[in-house]
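Written out below as structure tokens is the structure these notes cover.
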Amino acid sequence: MGQVHDEILPGRVEHANLRDYTLAVQQFRWEDVERTFSWYHTGKVNMTHEAIDRHVLEGRGAATALIYSDPSREERYTFADLQEHSSRFGNVLRKYGVGKGERVFIFMPRSPELYFSLLGVLRVGAVAGPLFEAFMETAVKDRLEDSGAVALVTTPELLKRVRREELPTLRHIIVVGRAVGEQGIISYEAEMAAAKAELEPEWLTLEDGLIMHYTSGSTGKPKGVYHAQRAMIQHYYTGKIVLDLRPDDIYWCTADPGWVTGTSYGIFAPWLNGVTNVVRGGRFSPGDWYRTIERFAVTVWYSAPTAFRMLMGAGENSLAGIDLRSLRHVLSVGEPLNPEVVRWGDKVYRQRIHDTWWMTETGAQLICNYPGMDIKPGSMGRPLPGIEAAILDDRGNEVPPYTMGNLAIRTPWPSMMAKIWNNQAKYDEYFRIPGWYISGDSAYMDEDGYFWFQGRIDDVINSSGERIGPFEVESKLVEHPAVAEAGVIGKPDLLRGEIIKAFISLREGYTATAELKDEIAAFVKAGLSAHAAPREIEFKEKLPKTRSGKIMRRVLKAWELQLPAGDLSTIED
Ligand code: WTA
């Protein structure tokens, strides 16, 4: 049973489109949203047409589409510029014979070129695979190999992490930033300068591919969540109704395109709605973040709980002399948003932070707090019009209010993943209860239809909003010569939500020392990525295992939280 919460922050009607929302609920039909897109009229579609070319055709080509800023660059591009750059890049891909349905991965830090190339990939009907810049060798190789990527766009620094000789399908490498005279390397700058500035998009159907994001489950390697063009219907619609985007908005989503929030809401939703999209490169710093809002007069801001907690931790001093009055609407995603953060936002930003719930697999927002809606701090909100959510028991029966169970969504919806790449069995697991998508999250619903997040049902770790599969970390850990066995769990953490904690048993001849802990953590960091490296390591003589030899993470977690370990009937001894 969940607790009963009675705190309600009334929706602010002065900046709300509550009436539009109520109307939308009453009259909602996905078909009406589809009318916006060329598909509805011609039977063909392409994200670059809908998000970029359409605005140029309709006379908005001179409007600012992208404001890019980092400590060394500040640049602005119009929709017409994006049309040109993406066309050039599309022509480069065509020249090398890359086209419809092929996977093109983009592995680079945020920069205007990242956005140009991603749009260029989509223009030729290829499927984009953005990779977060912090990935190291093994993580990069696993993803390129599984997806069978034929081309990669990267930088000279990051290219060093690509094991080209082990990737036979990878035919082309395009390097941004410096003409490299190396054999088999294509220079982005040289090719872009020579390419034609026009290219009609490859016309696709709604079921053709759009983008792939690798994400983690509790078992196995990361899985390639593959989205189809139809996701645009929901990107566009949620951009309107949840982000509340209006023509003059300056919108800033803080997520990197390596994660789904950075594409669905850092590229597609804002540009489908024709608004100015702010992209900030570089690292997190409270001062720089606030100055970004002030300098560009950001009106709609989408970020994540860990960031809000860090801003809260930086104190009100970090706001001295900063004017945030441009803000009209603030949203959060990725992990539980603490009620005290919502209250703090109300006080300090004079903004109610609107929590939104969704996942890589769902492609777009599903359960949200809308502008104008009464907010219950701590709740993820309510299913958006057109979406039916429920709490089910393990047999698929709906449970009464306040009872914890599987958070499930009625299938289908437009942005529902089209497949898990190369892994039909994994895909089918999500749909094991007929008519429903089983999210893997547990939650309960209250009597007003608000949903309250309770945790993951599986062992997936959520650290600072990043999803980490324990298996991937454990596999890396056991590659270290000192490690005999490893079990990895999420340990609750006030700032990051959870941190990664590894329990390790050592091989004969190794001694448990603080130096060895550091060395093992550094080993994971160098092989996978910084966010996958354990922040805490505990050496154990032996790890709890089932009779079939599987490490029982549930018992490790119970040790950590000093809770009863539950049913141990399957334990080894
Ligand atoms: C968690 C990010 C609590 C959840 C878009 C989900 C949340 C996973 C919320 C998906 C929220 C996301 N409150 N938890 N508002 N939003 N989560 O795939 O466990 O990186 O299953 O997608 O993050 O993470 P992913």
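Using full-length UniProt numbering, read the sequence shown as starting at 1 and increasing by one per residue.
Cβ coordinates follow ideal geometry from the N, Cα and C atoms, glycine included.
Predicted model only: the values in this text are computed from it and were never measured.
Tell me which residue opens and which closes the alpha helix (DSSP H) that residue i is part of.
| i | result |
| --- | --- |
| Gln234 | Ala231 to Ile241 |
| Thr261 | Val260 to Thr263 |
| Pro492 | Careful: Pro492 lies outside any alpha helix (DSSP H), inside the beta strand (DSSP E) at Val483 to Asp493. |
| Asp346 | Pro339 to Val348 |
| Ile293 | Pro286 to Phe296 |
| Ser38 | Ser38 to Thr42 |
| Val555 | Arg553 to Leu561 |
| Glu429 | Gln424 to Tyr430 |
| Phe28 | Run containing Phe28: none; DSSP gives neither H nor E here. |
Excluding five sequence neighbours on each side, which residues of the same chain lie with their C-beta closer than 6 Å to the C-beta of residue i?
| i | result |
| --- | --- |
| Ala255 | Thr261, Gly262 and Gly266 |
| Ile173 | Leu152 and Ile185 |
| Glu102 | Ala126 and Val150 |
| Thr306 | Ser464, Gly465 and Arg496 |
| Lys426 | Lys223 and Ile420 |
| Ala408 | Ala390, Leu392, Trp436 and Ile438 |
| Thr299 | Asp249, Ile250, Ser326 and Arg328 |
| Thr396 | In the sequence as presented, Thr is not what sits at residue 396; that position holds Gly. So the qualifying residues of the chain are Ile433. |
| Val342 | Ile353 and Pro377 |
| Tyr68 | Glu75, Pro112 and Val279 |
| Val330 | Trp301, Gln351 and Ile353 |
| Val478 | Ala486 |
Using a 10 Å radius around the Cβ and a threshold of 16 neighbouring Cβ atoms, would you call residue i buried or exposed?
| i | result |
| --- | --- |
| His41 | exposed |
| Gly549 | exposed |
| Val13 | The predicted model places Val13 with a pLDDT of 46, which falls under 50 and marks its position as unreliable; any figure quoted below should be read in that light. The residue is exposed, with fewer than 16 neighbouring Cβ atoms inside 10 Å. |
| Lys221 | buried |
| Ser147 | buried |
| Pro10 | exposed |
| Glu476 | Per the sequence shown, residue 476 should be read as Lys rather than Glu. Counting Cβ neighbours within 10 Å, Lys476 comes out buried, since at least 16 surround it. |
| Gln562 | exposed |
| Glu515 | exposed |
| Gln365 | buried |
| Val483 | buried |
| Pro71 | exposed |
| Asp32 | exposed |
| Lys196 | exposed |
| Met1 | Low confidence applies here, because Met1 scores a pLDDT of 38, under 50, leaving its location unreliable and the question unanswered by this model. |
| Glu398 | exposed |
| Gln183 | exposed |
| Leu204 | buried |
| Gln234 | buried |
| Glu166 | exposed |
To the nearest angstrom, report how far apart residue i and residue j are at their CA atoms.
| i | j | result |
| --- | --- | --- |
| Ala149 | Trp421 | 12 Å |
| Arg410 | Gly258 | 28 Å |
| Trp559 | Gly487 | 12 Å |
| Thr215 | Met359 | 10 Å |
| His480 | Glu474 | 10 Å |
| Lys95 | Glu316 | 54 Å |
| Arg35 | Met232 | 12 Å |
| Gln454 | Ala532 | 23 Å |
| Glu485 | Lys542 | 8 Å |
| Glu198 | Ala297 | 33 Å |
| Thr219 | Asp458 | 9 Å |
| Ala16 | Pro371 | Residue placement at Ala16 is poorly supported in this model, since its pLDDT is 49, which falls under 50; the coordinates still yield a value, given next. About 5 Å. |
| Ile375 | Pro339 | 10 Å |
| Val524 | Thr169 | 26 Å |
| Leu384 | Asp355 | 13 Å |
| Ala526 | Glu472 | 14 Å |
| Leu114 | Asn91 | 16 Å |
| Gly164 | Glu202 | Here the sequence assigns Arg to residue 164, which means Gly is not the residue at that position. Approximately 29 Å between the Cα atoms of the pair. |
| Gly287 | Leu319 | 8 Å |
Between which two residues does the beta strand (DSSP E) carrying residue i extend?
| i | result |
| --- | --- |
| Val105 | This sequence places Phe at residue 105; Val is not what is there. Looking at the DSSP string, the run of the beta strand (DSSP E) that includes Phe105 is Arg103 to Phe107. |
| Ser439 | Trp436 to Met445 |
| Gln83 | Per DSSP, Gln83 belongs to no beta strand (DSSP E); it is in the alpha helix (DSSP H), Phe79 to Lys95. |
| His354 | Ile353 to Trp357 |
| Arg143 | No beta strand (DSSP E) holds Arg143; the alpha helix (DSSP H) holding it covers Glu137 to Ser147. |
| Leu58 | Checking the displayed sequence, the identity of residue 58 turns out to be Glu instead of Leu. Where Glu58 is concerned, there is no enclosing beta strand (DSSP E), given that its DSSP letter is neither H nor E. |
For residue i, collect the residues of the same chain with a Cβ closer than 8 Å to its Cβ; drop the 5 residues on either side in sequence, then sort them by chain order.
| i | result |
| --- | --- |
| Ala512 | Leu506 and Phe539 |
| Pro400 | none |
| Ala63 | His55, Thr78, Phe79, Gly274 and Thr276 |
| Ala228 | Leu206, Glu207, Asp208, Gly209, Leu210 and Ala418 |
| Asn462 | Gly334, Glu335, Arg456, Ile468, Gly490, Gly497 and Glu498 |
| Ile52 | Ala65, Phe79, Leu82, Gln83, Ser86, Leu119 and Trp271 |
Within a Cβ cutoff of 7 Å, which residues of the same chain sit near residue i, ignoring the five residues on either side of it in sequence?
| i | result |
| --- | --- |
| Met552 | Pro544, Lys545, Thr546 and Ile571 |
| Ile537 | Ala502, Ile504, Lys517, Ile520 and Ala521 |
Would the beta-carbon of residue i be found less than 7 Å away from any heavy atom of the ligand FMN?
| i | result |
| --- | --- |
| Ser86 | As for the ligand FMN, it is missing from this structure, which binds only the ligand WTA. |
Self-check item: Whole beta strand (DSSP E) elements within the UniProt domain "AMP-binding enzyme C-terminal" (472-550), 3-residue minimum
Solution: Those beta strand (DSSP E) runs which fall completely within the UniProt domain "AMP-binding enzyme C-terminal" (472-550) and span 3+ residues are 483-493, 497-506 and 536-539.
Quiz item: In chain order, which continuous runs of the beta strand (DSSP E) of length 3 or greater are located wholly inside the stretch 151-203?
Solution: With a minimum length of 3 residues, the continuous beta strand (DSSP E) runs that stay inside the stretch 151-203 are 151-154, 172-175 and 185-187.
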